[in-house]
Amino acid sequence: MSSVIHHLKVRFSELSTIEPLIIRAPGRINLIGEHTDYNDGFVLPAAVSHSIHFAVAKSGDPSKCSLISLDFDQRYDFDLSEISPLPVGSWQNYILGVASEIMGSGRKLEGFNLVFTGNIPKGSGMSSSAALECGACFGLSELFDLDIPKIEMAKLSQMAEHHYAGVKCGIMDQFASVMGKSDHAILLDCRSLDYSYFPIGLSDYRLLLFNSNVTHSLASSEYNVRREQCEAGVEVLRKTFPGIKNLRDATMNNLLPTKAMMDDLVFARCKYVIEENERVDTFSRALSNHDLRRAGYILNKAHYAMRHEYEITCPEIDFIADNVTQREEVLGARMMGGGFGGCVLTLIRNGTQLSLAEELNKTYEKKFRKSITPIEVEVSDGVSRVDPL
Ligand code: GLA
Numbered sequence: 003m004s005s006v007i008h009h010l011k012v013r014f015s016e017l018s019t020i021e022p023l024i025i026r027a028p029g030r031i032n033l034i035g036e037h038t039d040y041n042d043g044f045v046l047p048a049a050v051s052h053s054i055h056f057a058v059a060k061s062g063d064p065s066k067c068s069l070i071s072l073d074f075d076q077r078y079d080f081d082l083s084e085i086s087p088l089p090v091g092s093w094q095n096y097i098l099g100v101a102s103e104i105m106g107s108g109r110k111l112e113g114f115n116l117v118f119t120g121n122i123p124k125g126s127g128m129s130s131s132a133a134l135e136c137g138a139c140f141g142l143s144e145l146f147d148l149d150i151p152k153i154e155m156a157k158l159s160q161m162a163e164h165h166y167a168g169v170k171c172g173i174m175d176q177f178a179s180v181m182g183k184s185d186h187a188i189l190l191d192c193r194s195l196d197y198s199y200f201p202i203g204l205s206d207y208r209l210l211l212f213n214s215n216v217t218h219s220l221a222s223s224e225y226n227v228r229r230e231q232c233e234a235g236v237e238v239l240r241k242t243f244p245g246i247k248n249l250r251d252a253t254m255n256n257l258l259p260t261k262a263m264m265d266d267l268v269f270a271r272c273k274y275v276i277e278e279n280e281r282v283d284t285f286s287r288a289l290s291n292h293d294l295r296r297a298g299y300i301l302n303k304a305h306y307a308m309r310h311e312y313e314i315t316c317p318e319i320d321f322i323a324d325n326v327t328q329r330e331e332v333l334g335a336r337m338m339g340g341g342f343g344g345c346v347l348t349l350i351r352n353g354t355q356l357s358l359a360e361e362l363n364k365t366y367e368k369k370f371r372k373s374i375t376p377i378e379v380e381v382s383d384g385v386s387r388v389d390p391l
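To get this note's numbering, take the position in the sequence shown, counting from 1, and add 2.
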């Protein structure tokens, strides 16, 4: 038994003598397609081996529940009949939210005990919150034989994030955590939820994350503001092109003639989203054609657009991206995730990761008085049980 599972079980035994189910829910990377999901667009994420493990069992009571976060070293007791959100930023919200959404969907829950621990760096843009939601949702579905279909799990978890964590996120993170497949990215249409698995073949190259260690909190960031700006853009576009329901439907040929009617900031946001959707397409084609140079070039363009048009980067992130893209061993790099901190995803020649990280860290530490953490990611399967069925 892995030491993580052993540790979970030991702490779980403080709550109950019942043998718990053990669940693993992964974080995710996103190759490209940032802030396109809530615009009904396209994304290319993948689940990763960094994950959260859960021990969960019935409490034996109709409604009493206990949660323990090993990483925060905190316990929280609550009653299913009195669930409501705690202050924004509380880890409990993700699990309370999922329980509330499951019950809201007409399914019945009873009391449960749940203990969890994970190794997804919080606020790094690797979706520790989606892993928490999806693991809790999957665990409760297994525990109470609810048979919730996987895509519905992703949707319930997304709603938990909206209603309990206060972030009006898209579906990408939860979809990746639930539907991930080892060695594959998921090319997802966020409108229809049609998806296909896309093999990640990088030959001599690797994906490496540089964690800036600037932690973001999407709830207090400009995330929801970006969403509103996109909606404002659609409203203007619809006056001339009534068929446009969402930025996914618009092209630059639609946007340019409406420029004069639009706030400059809103125009820049819309341009970013329209072109980012196109980048998902050109990037996936470059990967299929094993044209990694072109893929890297598209990553660089995406970063430029996030920095100057969508304005979701920060000085630390731009410093990392600027520096790594000057290196001959790097084909491309861009900030990953919701923004305002987190990680830079880098397409780098295998074997050069450590030396680059060390060198970069020296200048980064001097300038920002904090260090960079390189994170090697392995693409993994989505949420599952890890105990014998
Ligand atoms: C966060 C959200 C996602 C997505 C990304 C940006 O991770 O949870 O839904 O919008 O930001 O691509």
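A virtual CB, placed ideally from N, CA and C, is assigned to each residue, including glycine.
Because the structure is a prediction, the values reported are computed rather than measured.
Nearest to Ser107 by C-alpha distance, out of Ser86, Met161 and Tyr78, is Met161.
In the displayed model, Gln94 falls within a helix according to three-state DSSP. Cα atoms of Val90 and Ala187: separation of roughly 31 Å, rounded to the nearest angstrom. Distance from the CA of Asp196 to the CA of Asp39, rounded to the nearest whole angstrom, comes to 13 Å. Nearest Cα to Ser357 within the set Phe370, Gly339, Val332 and Pro123: Val332.
Residue side-chain check: Glu36 places its Cβ nearer than 7 Å to a non-hydrogen atom of the ligand GLA. Within the segment 39-92, the complete beta strand (DSSP E) segments of 3 residues or longer fall at 47-60, 66-71 and 76-81, listed in chain order. Remark: fewer than three beta-carbon pairs, one from each stretch, lie closer than 8 Å, so the segment 111-126 and the segment 150-157 are not flagged as touching. The shortest C-alpha to C-alpha distance from Asp324 to any of Ile20, Glu360 and Lys303 is the one to Lys303. Around the Cβ of Leu258, a 10 Å sphere holds fewer than 16 other Cβ atoms; the residue is exposed. Of the candidates Ile7, Asp75 and Leu142, the residue whose Cα lies closest to the Cα of Cys67 is Leu142. Judged by DSSP secondary structure, Asn352 falls outside any alpha helix (DSSP H); it is assigned neither H nor E. Annotated as distal: Val282 and Gly127, with beta-carbon spacing of 8 Å or more. A residue is called buried when at least 16 other Cβ atoms come within 10 angstroms of its Cβ; Asn255 does not meet this threshold and is exposed.
In this structure, the alpha-carbon of Pro47 lies about 11 Å from that of Ser286.
Residue side-chain check: Tyr78 keeps its Cβ at 7 Å or more from all non-hydrogen atoms of the ligand GLA. Taking the Cα of Phe212 as reference, the smallest distance to any Cα among Tyr366, His310 and Asp389 is reached at Tyr366.
Around the beta carbon of Val346, 16 or more other beta carbons lie within 10 angstroms, which makes this residue buried. Under DSSP, Lys183 forms a beta bridge with His186. Counting C-beta atoms within 10 angstroms of its own C-beta, Leu116 has 16 or more neighbours from the protein chains shown and is therefore classed as buried. Shown here, Tyr312 sits in coil according to DSSP, grouped into three states, outside any helix or strand. The Cβ atoms of Gly344 and His164 do not sit closer than 8 Å to each other. Counting only the Cα atoms, Ser179 lies some 14 Å from Pro151.
Checking the DSSP bridge columns, you'll see Leu116 partnered with Val58 and Leu69.
In the DSSP annotation of this structure, the continuous segment of the alpha helix (DSSP H) that includes Asn325 starts and ends at Pro317 to Thr327. Secondary structure within the segment 165-241: the beta strand (DSSP E) runs of 3 or more consecutive residues, fully enclosed, are 186-191, 197-201 and 207-213 (chain order). Membership of Met263 in any alpha helix (DSSP H) is not indicated, and neither H nor E is assigned to it by DSSP. Selection Ser223, Thr260, Tyr312 and Glu360 evaluated against Leu239 yields Thr260 as nearest (Cα-Cα). Its chain contains Leu249, Ala252, Thr253, Met254 and Leu257 as the residues whose beta carbon lies nearer than 7 Å to that of Ile276, once the 5 sequence neighbours on both sides are disregarded; these appear in chain order.
Look at Glu144 here: in three-state DSSP terms it is helix.
Put simply, of His52, Asn32 and Phe200 the residue whose alpha carbon is nearest the alpha carbon of Met338 is Asn32. Assignment of Glu331 by DSSP, reduced to helix, strand and coil, places it in the coil class. Per the C-alpha coordinates, the member of Lys273, Tyr96 and Met263 positioned closest to His310 is Lys273. Not one heavy atom of the ligand GLA falls within 7 Å of the beta-carbon of Met155. In the DSSP secondary-structure assignment, Glu280 is not bridged to any residue. DSSP places Pro28 within a strand segment (E or B) once states are collapsed to three.
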